[in-house]
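I have placed the structure first, in the form of structure tokens, so that the comments after it can refer back to it.
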DNA sequence: GATTTATTCATACGTATGTATTAAATGTCG
DNA sequence: CGACATTTAATACATACGTATGAATAAATC
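Residue numbers (our numbering), protein chains in the order written: chain A, 1 to 212; chain B, 1 to 212.
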């Protein structure tokens with residue numbers, strides 16, 4: 001799976017074959033089928049291996065932060081940090097996974113959609129809730145859009161990070177993380193201006209994807 | 001090339017074969033080789049077809065804005081808008097191209113690197129210059145990082161935009177663009193805090209990618 | 001130590017890939 | 001018309017793909 005992570009991250013799902021994977025992992029070709037059954041399964045399991053833990057860490061940080069806040073809404077930067085810190089940490093420990101998750105989230109293979117829905121969406125909902133409490137003046141539509149933009153920034157941060165091989169300097173890591181948090185939080189929290197209203201006014205008749 | 005744009009955007013370079021492309025374009029397989037020579041060339045030409053014009057538009061808008069400012073540094077939001085507006089417009093007109101450019105910029109195929117260097121980098125340099133004048137307090141490192149994040153946000157915006165098939169309502173378009181601009185500009189312009197200094201202090205010995 | 005279970009191995013299947021080739025058909029324009 | 005460019009058609013080539021198989025080997029269990 002380490003080899004799969006590296007090669008999938010480098011060349012994408014379709015860019016690498018089972019033979020290359022087997023050779024890179026120094027195992028027999030048949031061993032891959034034996035253990036994973038199919039290429040898709042291998043991809044899914046390789047992806048979820050870290051993605052699950054990553055999401056759990058996010059939720060854990062947020063829960064801890066909220067508990068420490070005693071019911072007060074958290075500052076935006078605090079929430080953002082709960083989102084970003086696990087990404088940065090796992091990304092630094094496993095640079096190839098960074099590229100893999102960037103590819104995967106930007107253009108998810110269809111066989112991963114269900115897993116993403118079950119693993120990622122609940123997570124996102126929790127954070128959306130936290131942001132809504134922290135930013136009551138930002139309309140839900142705008143917040144959703146901004147979260148997507150924040151995700152895009154995070155993905156790009158990930159590939160940049162895996163491009164320049166940071167050599168695990170704790171202070172440097174902290175500085176990069178803080179820059180990412182600052183950028184994102186600033187964009188998320190900026191005043192909605194007349195745009196929120198305008199967006200709402202132009203809203204098409206039937207809506208169905210609000211959290212109600 | 002329209003078919004190529006759609007299929008490459010949907011499935012990526014390795015996700016689609018020449019036969020599928022030919023069939024989707026309703027031409028013979030040999031016609032593709034006849035006109036483009038190879039699959040890579042087809043991808044490159046399909047990508048550059050709009051990417052070139054997009055960059056030219058960006059530069060044009062920025063030049064016009066700077067001329068209208070009579071030597072004063074432009075407001076950040078203005079610069080960002082010059083960057084984003086062409087993306088949004090071409091993205092709305094050609095949703096498939098949006099996905100294609102997102103895939104391409106997030107994980108560029110090696111045969112495109114040279115073209116990206118020659119087409120995209122000079123463009124970026126110009127905008128970096130504008131931002132440096134507009135944000136003299138933000139260190140160059142931080143600005144570079146933030147621009148990468150902004151690019152990530154833009155890419156994600158593009159795929160979101162092509163996902164929800166906006167039906168070309170000028171007001172809605174303007175609202176979305178303005179939201180993107182606002183988010184990005186806010187992140188780019190936010191105060192660097194102690195982080196810039198910290199980042200500079202932790203800078204590794206040899207540097208070589210500054211604009212000097 | 002024998003027997004069952006788990007894992008590796010080399011190899012093979014059918015299909016799909018990108019590209020090239022040949023000849024005939026269709027279009028274009030001087 | 002005649003010269004040329006384009007398009008179609010039908011393959012063909014070598015290679016790569018994901019997956020499957022059955023025998024050989026290692027581990028585990030009794």
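All C-beta atoms in this analysis are idealised placements derived from N, C-alpha and C, irrespective of residue type, glycine included.
Interface flag, residue i vs chain A, CB-CB below 8 Å
i, result
"residue 156 (chain B)", "yes"
"residue 12 (chain B)", "yes"
"residue 17 (chain B)", "no"
Alpha-carbon spacing of residue i relative to residue j, whole angstroms
i, j, result
"residue 71 (chain B)", "residue 177 (chain A)", "35 Å"
"residue 1 (chain B)", "residue 42 (chain B)", "8 Å"
"residue 100 (chain B)", "residue 100 (chain A)", "17 Å"
"residue 134 (chain A)", "residue 120 (chain A)", "21 Å"
"residue 143 (chain A)", "residue 132 (chain A)", "8 Å"
"residue 85 (chain B)", "residue 138 (chain A)", "23 Å"
"residue 112 (chain A)", "residue 44 (chain A)", "7 Å"
"residue 66 (chain A)", "residue 92 (chain A)", "26 Å"
"residue 9 (chain B)", "residue 68 (chain A)", "45 Å"
"residue 141 (chain A)", "residue 95 (chain B)", "21 Å"
"residue 115 (chain B)", "residue 53 (chain B)", "14 Å"
"residue 7 (chain B)", "residue 104 (chain B)", "13 Å"
"residue 160 (chain A)", "residue 25 (chain A)", "26 Å"
"residue 97 (chain B)", "residue 109 (chain B)", "16 Å"
"residue 210 (chain B)", "residue 172 (chain A)", "Because the pLDDT of residue 210 (chain B) is 45, which lies under 50, any placement of that residue in the model is unreliable, and the number read from its coordinates should be weighed accordingly. For residue 210 (chain B) and residue 172 (chain A), the distance between alpha carbons rounds to 19 Å."
"residue 90 (chain A)", "residue 50 (chain A)", "8 Å"
"residue 30 (chain B)", "residue 58 (chain A)", "52 Å"
"residue 48 (chain B)", "residue 122 (chain B)", "15 Å"
"residue 64 (chain A)", "residue 145 (chain B)", "29 Å"
"residue 187 (chain B)", "residue 55 (chain A)", "24 Å"
"residue 87 (chain A)", "residue 189 (chain A)", "21 Å"
"residue 203 (chain A)", "residue 168 (chain B)", "Low per-residue confidence applies at residue 203 (chain A): pLDDT is 45, beneath 50, and the placement is therefore not dependable, though the value from the model is reported in the following sentence. Straight-line Cα distance between these residues: approximately 13 Å."
"residue 174 (chain A)", "residue 157 (chain A)", "14 Å"
"residue 76 (chain B)", "residue 147 (chain B)", "12 Å"
"residue 256 (chain B)", "residue 37 (chain A)", "In the structure as shown, chain B begins at 1 and stops at 212. Residue 256 (chain B) is therefore absent and cannot be evaluated."
"residue 22 (chain B)", "residue 15 (chain B)", "14 Å"
"residue 11 (chain B)", "residue 136 (chain A)", "39 Å"
"residue 170 (chain B)", "residue 35 (chain B)", "37 Å"
Exposure of residue i, with buried meaning 16 or more beta-carbon neighbours within 10 Å
i, result
"residue 28 (chain A)", "exposed"
"residue 39 (chain B)", "buried"
"residue 13 (chain B)", "buried"
"residue 19 (chain A)", "exposed"
"residue 81 (chain A)", "buried"
"residue 163 (chain B)", "exposed"
"residue 129 (chain B)", "exposed"
"residue 191 (chain B)", "exposed"
"residue 118 (chain B)", "exposed"
"residue 17 (chain B)", "exposed"
"residue 152 (chain B)", "buried"
"residue 60 (chain A)", "exposed"
"residue 78 (chain A)", "buried"
"residue 185 (chain A)", "buried"
"residue 102 (chain A)", "buried"
Beta carbon proximity, residue i to chain B, threshold 8 Å
i, result
"residue 146 (chain A)", "yes"
"residue 159 (chain A)", "yes"
"residue 153 (chain A)", "yes"
"residue 210 (chain A)", "Its pLDDT being 44, under 50, residue 210 (chain A) is placed unreliably in this model, and the coordinates cannot settle the point."
"residue 149 (chain A)", "yes"
"residue 8 (chain A)", "no"
Heavy atom of the ligand NAD within 7 Å of residue i beta-carbon
i, result
"residue 172 (chain A)", "Looking for the ligand NAD in the displayed structure turns up nothing, as the structure carries no ligands at all."
Rounded distance between the beta-carbons of residue j and residue i, thought under 8 Å
i, j, result
"residue 106 (chain B)", "residue 155 (chain B)", "6 Å"
"residue 4 (chain B)", "residue 46 (chain B)", "5 Å"
"residue 126 (chain B)", "residue 62 (chain B)", "7 Å"
"residue 149 (chain A)", "residue 183 (chain B)", "5 Å"
Return the residues of the segment 19 to 32 of chain B that lie within a Cβ-Cβ distance of less than 9 Å from chain A, sorted by chain order.
Within the segment 19 to 32 of chain B, no residue places its CB atom closer than 9 Å to a CB of chain A.
Listed in chain order, which residues of the segment 96 to 125 of chain A have Cβ atoms closer than 8 Å to some Cβ of chain B?
So the close ones are 99, 102, 103, 106 and 107.
Residues within the segment 35 to 61 of chain B neighbouring chain A, beta-carbon criterion of under 9 Å
Of all residues in the segment 35 to 61 of chain B, none is placed with a Cβ closer than 9 Å to any Cβ belonging to chain A.
Any C-beta of chain B within less than 9 Å: which residues of the segment 169 to 189 of chain A qualify?
Per Cβ criterion, the list reads 169, 171, 172, 174, 175, 176, 178, 179, 180, 182, 183, 184, 185, 186, 187, 188 and 189.
Residues from the segment 128 to 142 of chain B in contact with chain A, defined by Cβ distance under 8 Å:
Along the segment 128 to 142 of chain B, the positions whose C-beta sits under 8 Å from a C-beta of chain A are 142, read in chain order.
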